[in-house]
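Structure first, then comments.
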Amino acid sequence: MRKSVFVLLFFILQLNAFAEIYKWTDEDGRVHFSDKPVNKSAKEVQLHQQNISTSPSVKQHEAETMTDVQRRANQSRFGDSLETERIKREQAKAKKKNEKKRREQNCRYAKRDLKAAKEVSSVFNYDEQGNKYYYNKQQRQAYIQRKVDKVNEWCD
């Protein structure tokens, strides 16, 4: 009687092992698996049966041990890659913050220079010999326009 219960249980488990499995992708692109076809796009997945022994041989034990070692190595690599990604994100964030700070500073300088260029009555420069010369009205307008362009470049 007891033996027949185990045999019956064994066959029931074997039937479940050969149950059909269906795979489909939803409208969001996520892949799903089920024992019943949900829609017409569901496709049956063929699974390969593996022989499982109740008393593992030495080779199986070595293979399982190697799998544990490989699993730990993979976990370590995964942890390292997560740490690397975190560091990269922090560096990108710091770089973005520094760039923002630099832009704000250059914006302040550009606005200050534009204000000064508009407030002064005359603008001068030096030629190659070191002689001072004053801008005419057209040169002054071009100078102010360059200052406006710098404000537009650095200020958002």
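Residue numbers (this note's numbering): 76 to 231. Where a beta carbon is used, it is the ideal one built from N, C-alpha and C, also for glycine. As the structure is a computational prediction, the values presented were derived from the model and not from experiment.
Looking at the strands, I want to know which residues DSSP matches up with residue i.
i    : result
T100 : V106
Y209 : F199
E119 : Y97
So, is residue i buried or exposed, given that buried needs 16 or more other C-beta atoms within 10 angstroms?
i    : result
R185 : Going by the sequence as given, residue 185 is Ala instead of Arg. With 16 or more Cβ atoms within 10 Å of its Cβ, A185 is classed as buried.
Would the beta-carbon of residue i be found less than 7 Å away from any heavy atom of the ligand ATP?
i    : result
K176 : What this structure holds is no ligand at all, so the ligand ATP is not there to describe.
So, under 8 Å CB-CB, residue i and residue j are touching, yes? Tell me the CB distance rounded to an integer number of Å.
i    : j    : result
I219 : K193 : 6 Å
K118 : Y97  : 7 Å
W99  : V113 : 6 Å
R215 : V198 : 5 Å
W229 : N181 : 4 Å
| Quick check: the region 162 to 177 against the region 200 to 214, are there 3 or more CB pairs under 8 Å? | Too few Cβ pairs lie closer than 8 Å, so no.
| message | Report the start-end ranges of each alpha helix (DSSP H) in the region 143 to 172 that is 4 residues or longer and not cut off at the edges. | response | Those alpha helix (DSSP H) runs which fall completely within the region 143 to 172 and span 4+ residues do not exist here.
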